[in-house]
Amino acid sequence: MTPRHHLNEATLVSFAAGALSPEMTAVAATHLEACRDCRDRLAHAERIGGLLLGQQQAAELDAAKRGRLRREMLDRLDESTQSRHDGTIQALSPDVSPGDPDGLPQPLRAYFGPTWSALRWRWVAPGVHMIRAAHTSGDTLLLLKIAPGKSMPVHSHQGTELTQILQGAYDDALGHFSPGDAADLDNETEHQPITAPGAPCICVAAMDAPLRFPGWLARKLQPLVGL
Amino acid sequence: MSSIETHAKDAGYWAGQMVAVSCTRDRDSFMRIYDHFAPRVQLYLKGLGSPEAVAEELTQEALLRLWQRAELYDAARSGLSTWLFRIARNLHIDRVRREPQWVPVQDALERLDEPEDAGPSPAESYAEHVDLRNRIEQLPATQARLIRMSYFEAKSHQEIADELGMPLGTVKSCLRRAFLRLQLGVRRGA
Chain P
75 MTPRHHLNEA TLVSFAAGAL SPEMTAVAAT HLEACRDCRD RLAHAERIGG LLLGQQQAAE
135 LDAAKRGRLR REMLDRLDES TQSRHDGTIQ ALSPDVSPGD PDGLPQPLRA YFGPTWSALR
195 WRWVAPGVHM IRAAHTSGDT LLLLKIAPGK SMPVHSHQGT ELTQILQGAY DDALGHFSPG
255 DAADLDNETE HQPITAPGAP CICVAAMDAP LRFPGWLARK LQPLVGL
Chain L
20 MSSIETHAKD AGYWAGQMVA VSCTRDRDSF MRIYDHFAPR VQLYLKGLGS PEAVAEELTQ
80 EALLRLWQRA ELYDAARSGL STWLFRIARN LHIDRVRREP QWVPVQDALE RLDEPEDAGP
140 SPAESYAEHV DLRNRIEQLP ATQARLIRMS YFEAKSHQEI ADELGMPLGT VKSCLRRAFL
200 RLQLGVRRGA
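Which chain is which? The protein sequence lines are P and L, in order.
According to the working numbering, the stretch in the first sequence is residues 75 to 301, in order.
According to the working numbering, the stretch in the second sequence is residues 20 to 209, in order.
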């Protein structure tokens, strides 16, 4: 699958800078795993970071302190050469073999567990199931499963919503979104996704502010969804 | 013109020092890298909010990693300062912000592109490096400010919007435009 909807450049810059919340990072990383194009652009965003780092005008430390740190560094070069392979590669989830179709995308496993089959979906509305990640930093992270051919309420956002499509598909005014695609939306977007016929649409979404549904639906749905 | 040549030599010079470290474990080359970059890394980590002592300790550790993992350094893939930026950023997020997912996710992403695709030759990278450097210097003031707040203070779009009294959408479109400006030179060569 070659994604057709990508991360916004502003999101890539913040990912490279370490300026996204852990929840936004998890969704962005899920897209990056699927998208070579965004990985190339991320490499460029990191190059910007490297250049800025190199360009800094470093203040001079006082000579005594500088000498101490230098000596300390030289000592540590000796002590550590033999242990240089320690801990360089950590497996994320050794319990799922790579390529196992039951495995959730790596960046989501810490929040939702390692496998699709172990997910415990919660019914929230007709045709809509959800799992809300616990232990988040303050942003919201959701897995959503929406029945095929279903029209979602029109809604807008107070902040940023970043969604990655995992299975199925939906259409809205911005286009057709299928597995691998990211929808990187801000508060100026109002949209009404309609899921494609066939299979349910499963996506993961991070948001930094509550969703806003207009009118009666808000009052009806928001307490249910708990957003 | 001559300043462009100096910059190009800079990037090539540091990559050369690093090759000496990875091939022959050359301590003098390593300490030249250390003397140049350690104060810059420390300043970066302080800017992200670490107290002086923590920034100092993490800086030592970042440079030590450069020494320990020197054989993984690939000059064709990234400049030395980019590699150090990644190491320092990852240490900060892992140790200071204590986000345990960050490092494994970064490692997994990095491994995806490991099979040796023919990347740009180092010479091309240096030309790009110079080009990118010039483009950063020529960014309009607001874009430059948002870029610095992102990279040096790790501020989210919302935090930037709040701090500068700008609408969130403006922050995002401004950062987007800055990135596109900085990307132009790379795309042209690709």
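Cβ atoms here follow ideal geometry from the backbone N, Cα and C, with glycine treated the same way.
Remember, it's a predicted structure, so these values are computed and weren't measured experimentally.
Worksheet item: When you compare only the Cα positions, how much space is there between Val278 of chain P and His105 of chain P?
Response: 10 angstroms
Item to complete: Examine chain L for any beta-carbon lying closer than 8 angstroms to the beta-carbon of Val278 of chain P, and answer yes or no.
Response: no
Worksheet item: Applying the criterion that 16 or more other CB atoms from any shown protein chain within 10 Å of the CB defines a buried residue, is Leu103 of chain L buried or exposed?
Response: buried
Practice prompt. Check whether the Cβ atoms of Leu86 of chain P and Phe171 of chain L sit closer than 8 angstroms, and answer yes or no.
Written response: no
Discussion item. Whether or not the region 171–182 of chain L and the region 88–103 of chain P are in contact is what I'm after, with contact meaning three or more pairs of Cβ atoms, one per stretch, closer than 8 angstroms; do they touch?
Written reply: Touching, yes.
Fill in: Residue-level contact to chain P via CB, Gln120 of chain L, 8 angstroms cutoff
So yes, Gln120 of chain L belongs to the interface.
Worksheet item: DSSP on His203 of chain P, reduced to helix/strand/coil?
Response: In this structure, His203 of chain P counts as strand in the three-state DSSP scheme.
Worksheet entry | CA nearest to the CA of Gly254 of chain P, picked from P:Gly201, P:Gln131, P:Ile276, P:Leu216 | P:Ile276
Discussion item. Report the CB separation of Gln120 of chain L from Ala108 of chain P in whole angstroms; it is logged as a contact under 8 angstroms.
Written reply: Contact flag wrong, Cβ pair sits at about 18 angstroms.
Discussion item. Cβ closer than 9 angstroms: which chain P residues qualify as neighbours of Ala127 of chain L?
Written reply: Ala103, Glu107, Leu166, Gln180, Pro181
Practice prompt. For Ala247 of chain P, I'd like the list of residues in its chain whose CB is within less than 7 angstroms of its CB, leaving aside the five on either flank, ordered along the chain.
Written response: His265
Worksheet item: If you check the beta carbons only, do Leu216 of chain P and Met226 of chain P fall under 8 angstroms apart?
Response: no
Worksheet item: Quick one, which residues of the region 108–135 of chain P are near chain L if we go by CB-CB under 9 angstroms, in chain order?
Response: Arg110, Arg113, Asp114, Arg115, Leu116, Ala117, His118, Ala119, Glu120, Arg121, Ile122, Gly123, Gly124, Leu125, Leu126, Leu127, Gly128, Gln129, Gln130, Gln131, Ala132, Ala133, Glu134, Leu135
Discussion item. Contact criterion: CB-CB distance below 8 angstroms. Does Thr210 of chain P meet it with respect to chain L?
Written reply: no
Worksheet item: Got a sec: which bits of the region 55–71 of chain L sit with their beta carbon under 9 angstroms from any beta carbon on chain P, in order along the chain?
Response: Answer set for the region 55–71 of chain L: His55, Phe56, Ala57, Pro58, Arg59, Val60, Gln61, Leu62, Tyr63, Gly66, Leu67.
Fill in: Interface flag, Val170 of chain P vs chain L, CB-CB below 8 angstroms
Not one chain L Cβ lies under 8 angstroms of Val170 of chain P.
Item to complete: Establish whether the CB of Met147 of chain P and some CB of chain L are separated by less than 8 angstroms.
Response: yes
Worksheet item: To which residues does DSSP link Ser48 of chain L through a beta bridge?
Response: Bridge partners of Ser48 of chain L according to DSSP: none are assigned.
Discussion item. With a threshold of 8 angstroms between beta-carbons, can Val124 of chain L be considered close to chain P, or not?
Written reply: Taking Cβ atoms only, chain P reaches closer than 8 angstroms to Val124 of chain L, which makes this a yes.
Practice prompt. Quick one: using the 10 Å Cβ neighbour count with 16 as the cut-off for buried, is Gly124 of chain P buried or exposed?
Written response: buried
Worksheet item: Starting from Thr214 of chain P and walking both ways along the beta strand (DSSP E), at which residues does that stretch end?
Response: 214–220
Discussion item. So for Glu235 of chain P, helix, strand or coil by DSSP?
Written reply: strand
Fill in: Extent of the continuous beta strand (DSSP E) run through Met281 of chain P
275–281
Item to complete: Can you tell me the Cβ-Cβ gap for Val124 of chain L and Ala103 of chain P, rounded? I've got them flagged as a contact below 8 angstroms.
Response: 5 angstroms
Worksheet item: So with Cβ pairs under 8 angstroms, would you call Tyr53 of chain L a contact of chain P?
Response: yes
Discussion item. Given this structure, state the Cα-to-Cα distance separating Ser88 of chain P from Asp152 of chain P, to the nearest angstrom.
Written reply: Computed Cα separation, rounded: 37 angstroms.
Practice prompt. Return the bridge partner residues of His111 of chain L from the DSSP annotation.
Written response: His111 of chain L is not bridged to any residue.
Discussion item. Below 8 angstroms, how does it come out for the region 158–170 of chain L and the region 126–133 of chain L: are there three or more Cβ pairs, yes or no?
Written reply: no
Worksheet entry | Cβ neighbours of Arg84 of chain L in the same chain (closer than 6 angstroms, five flanking residues each side left out) | Ile106
Worksheet item: Which of helix, strand or coil does DSSP assign to Thr162 of chain P?
Response: Here Thr162 of chain P scores only 43 on pLDDT, less than 50, and its place in the model should not be relied on; the value that follows carries that caveat. Coil.
Worksheet item: Taking Cβ to Cβ, would you say Ser95 of chain L is nearer than 8 angstroms to Met37 of chain L?
Response: Just to set this straight, residue 95 of chain L is Ala in the shown sequence, not Ser. No, the pair does not count as a contact, with Cβ atoms beyond the cut-off.
Worksheet item: Any idea which residues DSSP pairs Ser225 of chain P with across the strands?
Response: P:Ile268
Discussion item. On the DSSP letters alone, give me the boundaries of the beta strand (DSSP E) that His176 of chain L sits inside.
Written reply: Unbroken run through His176 of chain L is the alpha helix (DSSP H), 176–183; no beta strand (DSSP E).
Discussion item. Taking the alpha helix (DSSP H) that His105 of chain P belongs to, which residues open and close that run?
Written reply: 96–108
Worksheet item: Using a C-beta cutoff of 8 angstroms, does Tyr170 of chain L count as contacting chain P?
Response: yes
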